[in-house]
Amino acid sequence: MNERFADASDEALGQLLAAELPRYTAPARLRAAIVEGAAPPPRRRAAWLAPALASAATALVLVLAFLPLLPRTPPPDPAQRLVRAVVAEHERALMWGARNPRIIPAALPWLTQESGIGLTRVFGGDDRLMPVGAEPVYLDGRRGIALYYRDGDDHLVTYTVLPAPGLPVPDRRRVQIERFRPALLHEEGFSAWVWKQGDLACFLVSDMVSEADLERFKDYFVRVRTATEPVPAY
Amino acid sequence: MASGEFERHALEHLDALYNFAMYLTRNPPEADDLVQETYLRAFRFADRFTPGTHLRAWLFQILRNTFLTFYRLRERESAIADDGVPDWDAPMFHDAPEDSSSAMEAHTDLERALRRLPEEFRTVLLLAEIEGMPLEEVAFVMNCPVGTVKSRIFRAKERLRALLRDYKQK
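First to last, the sequence lines map onto chains A and B.
Residue numbers for the first sequence follow the working numbering, beginning at 6 and rising by one.
Residue numbers for the second sequence follow the working numbering, beginning at -11 and rising by one.
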């Protein structure tokens, strides 16, 4: 029976898929639950509502009047926005990340399958950085890969790759490190090296923010950057 | 909150969304939750929908984004086994009942092959071939260019054929 699928042309395979795959119908209780959930709750007007609304409206008018005078936070540029997402993921790994030194070599095919990003070469750790885990990530609407390393002082270092064609790496934040010029961005008390490899944006995040730490963080960047080659897999 | 008319139009796509959710989650209770969450979000953000554009694609996009954001995040916590590799063959949704007819056997292999595809490949096939969506709508749902959709469909079918050939040899 599989012959007609396995040897079918593209068009025929599409037709067979439409015809042969079972189609699941939503159970009636699901429709009822959705309709029920969409119905507005019964309205009850409390005695205290009118004065409360009046106070809130007055406060809103005052806020609007003084809004132009308030300090504004400019919207982050695309690189900073991605760094924010990557740092949030790094923080999550700090809190709950599993440590499994066997993960990186074993999980690579699965990571590629899940993320659409392949690693033709990967930094598998050395005497300074030990691999502790790897997982696919979904950040800022993009799928990517995160590899986690830990150094001798227990700093977690997260290497993240995300598809980001057209992402500008901020020029004024660039730092010359050997033959590379990544940008150094800061977010929430963490440092992040940001660089591009083709259409992929790469990030190396850690909590190494002091001047002394920065030299070591540069060294980690070189180790990871020279040994890792991410490519779009599909 | 959504108007009655918007809700009525949105609910016309319930079965299609549920079918899509079943193939994404492979689990009826999770498909229920996913569809319910999709409608909850659609009704809550109905004002962001531009009337006259494709409601169906908009709903599918919400469903897929919800799946990727919440379900995949949860799945990945448990997906990495001790050796770092997930168990691909672990059954994730109820198989169709046993049946001796050849048609049911084909269903099983085809479904098995489909669910082994990466999510992007599975989704393009489900949207383009099963739901019959135009490529532009598929691109909208998947937030990628139409050219990418075309290439994913091509490669998804190639992989599907390869998997089915494997099953045939076994």
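The beta carbon of each residue, even a glycine, is placed where N, CA and C say it ideally should be.
Predicted model, so just to flag it, every value in this text is computed and none were measured.
### Query
Opposite A/K201 in the DSSP bridges: which residues?
A/A206
### Query
Could you give the C-beta distance for A/A188 and A/V91, rounded to a whole number, given that I count them as a contact under 8 Å?
Contact flag wrong, Cβ pair sits at about 13 Å.
### Task
Could you have a look at B/M130 and say whether DSSP puts it in helix, strand or coil?
helix
### Query
For the candidate residues B/D35, B/A(-2), B/L5, whose alpha-carbon lies nearest to that of B/N53?
B/L5
### Query
Does the stretch 211 to 218 of chain A come close enough to the stretch 115 to 122 of chain A that 3 or more CB-CB pairs lie under 8 Å?
no
### 8 Å Cβ cutoff met for B/V129 and B/A45
yes
### Task
Identify which residue in B/P133, B/F48, B/P122 has its Cα closest to the Cα of B/M10.
B/F48
### Query
At a Cβ cut of 7 Å, what residues of the stretch 8 to 38 of chain A count as close to chain B, listed as they run along the chain?
E8, F10, A11, D15, L18, G19, L22, A23, E25, L26, P27, R28, Y29, T30, A31, L35, R36, A38
### Query
Between B/T13 and chain A, is there a C-beta pair that is closer than 8 Å?
no
### Message
Let me see if you follow: with CB-CB separation under 8 Å, is A/T233 close to chain B or not?
### Response
Chain B, which has no Cβ nearer than 8 Å to the Cβ of A/T233, makes this no.
### Task
Look at the Cβ atom of A/L35, then the Cβ atom of B/V134, and state whether they are nearer than 8 Å.
Their beta carbons are not under 8 Å apart, which means A/L35 does not touch B/V134 by this criterion.
#### Entry: is_contact[B/P122, chain A] using C-beta, thresh 8 Å
no
### Query
Tell me which same chain residues have a C-beta within less than 8 Å of the C-beta of B/D77, skipping the five on either side of it?
With a pLDDT of 33 at B/D77, under the threshold of 50, the predicted position of this residue should be treated as unreliable, though the coordinate-derived value follows. Answer for B/D77: no residue qualifies.
### Query
What is the DSSP secondary structure of A/N105, reduced to helix, strand or coil?
Interpretation of A/N105 is limited by its pLDDT of 48, a score under 50 that renders its predicted location unreliable; the figure taken from the coordinates is listed afterwards. Three-state result, A/N105: coil.
### Task
Pair every Cβ in the stretch 134 to 149 of chain B with every Cβ in the stretch 12 to 26 of chain A, then say whether three or more of these pairs are closer than 8 Å.
yes
### Task
Could you spell out where the alpha helix (DSSP H) holding A/P136 opens and where it closes?
No alpha helix (DSSP H) holds A/P136; the beta strand (DSSP E) holding it covers 134 to 144.
### Query
In the structure shown, what three-state DSSP assignment does A/L82 receive?
As written in the sequence, residue 82 of chain A is Asp, which differs from the Leu given in the question. Reduced to three states, the DSSP call for A/D82 is coil.
### Query
What in chain A is Cβ-close to B/T111, meaning under 7 Å?
Within 7 Å Cβ-Cβ: nothing; B/T111 doesn't reach chain A, min ~12 Å.
#### Entry: 8 Å Cβ cutoff met for A/A84 and A/P173
yes
### Interface residues of chain A facing B/D20 [CB-CB closer than 7 Å]
Annotation: Cβ neighbours of B/D20 in chain A (cutoff 7 Å, chain order): L35.
#### Entry: Within-8 Å CB hit, A/P237 to chain B
The beta-carbon of A/P237 is placed no less than 8 Å from the nearest beta-carbon of chain B.
### Query
Checking contacts by CB at 8 Å: is A/R104 closer than that to chain B?
At A/R104, the pLDDT of 44 sits below 50, so the modelled position is not reliable; the number obtained from the coordinates is stated separately. Not an interface residue.
### Task
Would you mind stating whether A/D156 and A/L190 have Cβ atoms separated by less than 8 Å?
Going by C-beta atoms, A/D156 is not nearer than 8 Å to A/L190.
### Query
What runs of the beta strand (DSSP E), each 3 residues or longer, lie entirely inside the stretch 157 to 229 of chain A?
161 to 168, 188 to 192, 195 to 202, 205 to 211
### Message
Give me the chain A residues within the contact set of B/V23, using Cβ-Cβ distance strictly less than 8 Å, ordered along the chain.
### Response
Within chain A, the residues near B/V23 are A31, L35, I39.
### Task
Name the residue from A/T233, A/F226, A/F208 whose alpha carbon lies nearest to the alpha carbon of A/E4.
Not covered by the structure: residue 4 of chain A. The range shown for chain A is 6 to 239.
### Query
Can you give the beta carbon distance from A/A31 to B/L2, rounded, assuming they're within the 8 Å contact cut?
5 Å
### Task
Could you work out which residue in B/R149, B/V112, B/Q157, B/E119 is closest to B/V137 when comparing CA atoms only?
B/V112
### Query
What does A/A151 touch in chain B if you count any residue whose Cβ is under 7 Å from its own?
Those do not exist, as A/A151 stays about 11 Å from chain B at its closest Cβ, beyond 7 Å.
### Message
Quick check on the burial criterion: 16 or more other C-beta atoms within 10 angstroms. Buried or exposed for A/V66?
### Response
Counting Cβ neighbours within 10 Å, A/V66 comes out exposed, since fewer than 16 surround it.
### Message
I need the DSSP call for B/E0, collapsed to helix, strand or coil.
### Response
When secondary structure is reduced to three states using DSSP, B/E0 falls in the coil class, being assigned neither helix nor strand.
### Task
Pull up the DSSP beta-bridge partners for B/I141, would you.
According to DSSP, B/I141 bridges with nothing at all.
### Task
Say whether chain A places a C-beta atom closer than 8 Å to the C-beta of B/D77.
The predicted position of B/D77 is uncertain, since its pLDDT is 33 and thus under 50; a value taken from the coordinates is nonetheless stated next. False, the Cβ-Cβ gap to chain A never drops below 8 Å.
### Task
Please check the pair A/L87 and A/D145, which I expect to be a contact at CB under 8 Å, by giving their CB distance rounded to whole angstroms.
Indeed they touch by this definition, with Cβ atoms about 6 Å apart.
### Query
When we look at the beta-carbon of A/T165 and count the other beta-carbons within 10 Å, is it buried (16 or more) or exposed?
buried
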